[in-house]
Amino acid sequence: MVSTTRVTVELTEDQVEAVGLPPGHGYQVTGMLLDAEGEPVELPRVGTLTVPLRWLHPMDTPVSGGHHDASLRGF
Numbered sequence: 001m002v003s004t005t006r007v008t009v010e011l012t013e014d015q016v017e018a019v020g021l022p023p024g025h026g027y028q029v030t031g032m033l034l035d036a037e038g039e040p041v042e043l044p045r046v047g048t049l050t051v052p053l054r055w056l057h058p059m060d061t062p063v064s065g066g067h068h069d070a071s072l073r074g075f
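Anchor point for the sequence shown: position 23 equals 23 in UniProt numbering, and the numbering is continuous, going up by one each time.
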């Protein structure tokens with residue numbers, strides 16, 4: 001598993017208003033996550049995947065024997 005110290009947090013509209021930014025722009029804060037001593041905290045790095053809609057199914061739906069579910073077997 002790849003790890004990173006970099007984080008991105010999307011601001012809520014309430015937070016945008018509180019700091020006086022114009023609304024409706026989808027602001028993000030990006031930087032490093034540090035602990036109380038100022039040391040970087042490592043987090044698992046998650047990448048975005050795009051998959052065909054036909055690959056998706058409800059969790060309780062039976063699937064074929066050749067189906068590979070990364071949530072059960074890992075990548």
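For every residue, glycine included, the Cβ atom is placed at its ideal position computed from N, Cα and C.
- A distance below 6 Å between beta-carbons, with the five flanking residues on each side excluded, links Val29 to the following residues of its chain, in chain order: Val9.
- Residue pairing by DSSP puts Thr4 in a beta bridge opposite Leu43.
- Pro40 sits close to Thr5, with the two beta carbons spaced by under 9 Å.
- Residue pairing from DSSP places Thr30 in a beta bridge opposite Thr8.
- The DSSP-derived three-state label of Glu37 is coil.
- Rounded to whole angstroms, the gap between the alpha carbons of Gly66 and Leu56 is 15 Å.
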